[in-house]
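Novice:
Numbering (this note's numbering), first residue to last: 28 to 437.
1) Looking only at its chain, what residues have a beta carbon closer than 6 Å to the beta carbon of residue 326, apart from the 5 residues adjacent to it on each side?
2) Could you have a look at residue 76 and say whether DSSP puts it in helix, strand or coil?
3) List the DSSP bridge partners of residue 272.
4) Report buried or exposed for residue 377, applying the criterion of at least 16 other Cβ atoms within 10 angstroms of its Cβ.
5) Is it the case that the Cβ atoms of residue 438 and residue 243 are separated by a distance below 8 Å?
6) What do you reckon, are the CB atoms on residue 357 and residue 345 nearer than 8 Å?
7) Can the beta-carbon of residue 341 be found less than 8 Å from the beta-carbon of residue 305?
8) Roughly how many angstroms lie between the CA atoms of residue 348 and residue 257, to the nearest whole one?
9) Can the beta-carbon of residue 166 be found closer than 8 Å to that of residue 215?
10) Have a look at residue 114 and residue 46 and give me their C-alpha separation to the nearest angstrom.
11) Is there contact here, the stretch 179-194 with the stretch 157-165, by at least three beta-carbon pairs under 8 Å?
12) At which residues does the beta strand (DSSP E) containing residue 389 begin and terminate?
13) Using 8 Å for Cβ pairs, my map puts residue 269 next to residue 330. What's the rounded Cβ distance?
14) When the Cβ atoms of the stretch 140-150 are set against those of the stretch 403-418, are three or more pairs found closer than 8 Å?
15) Tell me whether residue 339 is buried or exposed, calling it buried when 16 or more other Cβ atoms sit within 10 Å of its Cβ.
16) If you measure between the beta carbons of residue 84 and residue 63, is that distance less than 8 Å?
17) Go to residue 174, then tell me how far its alpha helix (DSSP H) extends in each direction, as first and last residue.
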């Protein structure tokens, strides 16, 4: 069966689907992964077919940031969505029997799948269905909130998303000769199957989710068979005690300020650090600092004493898998949600939002994380649970149901 996985965004939005794709291939399916062109090598080196989606997520972030007004920023995003809809259509047209879609492009993907008469399935890296049990990722939370507040916030977020996509979806329906919707629904129908690629040990499946909504366990990124650790990194790791990792992934904050904050905190805390430059182009200088580029977290994180990161979904999962304590420094979107979850799970101190990060509070938090064994013991315990999951198995089972139903939803 020809399976297409559609995702959009940063590296963290793509990498987990390489592992899921490999598992689907091992089960005998033909798998293509549609993602932005900057991730073509990431996909192909893992043995998957790459189908190009237009746009560059880094340039999108920069363009929206530089927009002179909220309306201008909205126009930039609308143009991006229009191009993305065309890209998803072309990717499906290249040969697809079942479409799997990440959360971001899901509204587009569902319409395109309907246009081609093929079944589709949600494969989400973050909770994407409203629940009474917790507020939706991306929703600021202050103080105590009730179950009613949580479900209302989740529905409001879906309604805002529907409004954001409405014009683009109308144009996409017209291009695919689909009947116009009377109004864009504020989310997928309850009978549309969705798999969430995180562990139930991290977020137990809410009791009020529809029966077709699942928590499967993580889909771990696949590692390129050609990858070898740089000699400089191996030498650095062997030259002293385990360092801490510092990286903010696809975030693009003021890197000049971060240089100084990270360098000072590493020195004051008396630790060594491996710093991943990322989109922020971090490059702090210090005798006990090594700056590196992209590399597999499944190799690097188990060799760290702790990981300081932006609490993106993928990096959060990698840290949990490695069994090392975290210091979450959230910036936006779902990151505060994951940062709070890490603290609640007992593997991290209180989060340090990036706009509040200073050399003093990072130093103090590093020491509180590393002094004593409480965080590491809990991280070790949780890692055993996370590693025991078989995330792709549920996806494979649902694919079999969709195929057996000849496109009918289970």
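Just so you know, even glycine gets a beta-carbon here, dropped at the ideal spot from N, CA and C.
Specialist: To lay it out plainly:
1) none
2) strand
3) 301, 334
4) exposed
5) Summary: the structure shown does not reach residue 438, with the chain confined to residues 28 through 437, and so no result is reported for it.
6) No, they are not a contact pair.
7) No, the pair does not count as a contact, with Cβ atoms beyond the cut-off.
8) 22 Å
9) No; because the gap between Cβ atoms is not below 8 Å, this pair is not in contact.
10) Straight-line measurement puts the Cα of residue 46 at about 23 Å from the Cα of residue 114.
11) Yes, since at least three Cβ pairs between the stretch 179-194 and the stretch 157-165 fall closer than 8 Å, the two stretches touch.
12) Here residue 389 belongs to no beta strand (DSSP E); instead the alpha helix (DSSP H) covers 386-397.
13) 6 Å
14) no
15) buried
16) With contacts defined as CB atoms closer than 8 Å, residue 84 and residue 63 qualify as a contacting pair.
17) 174-202
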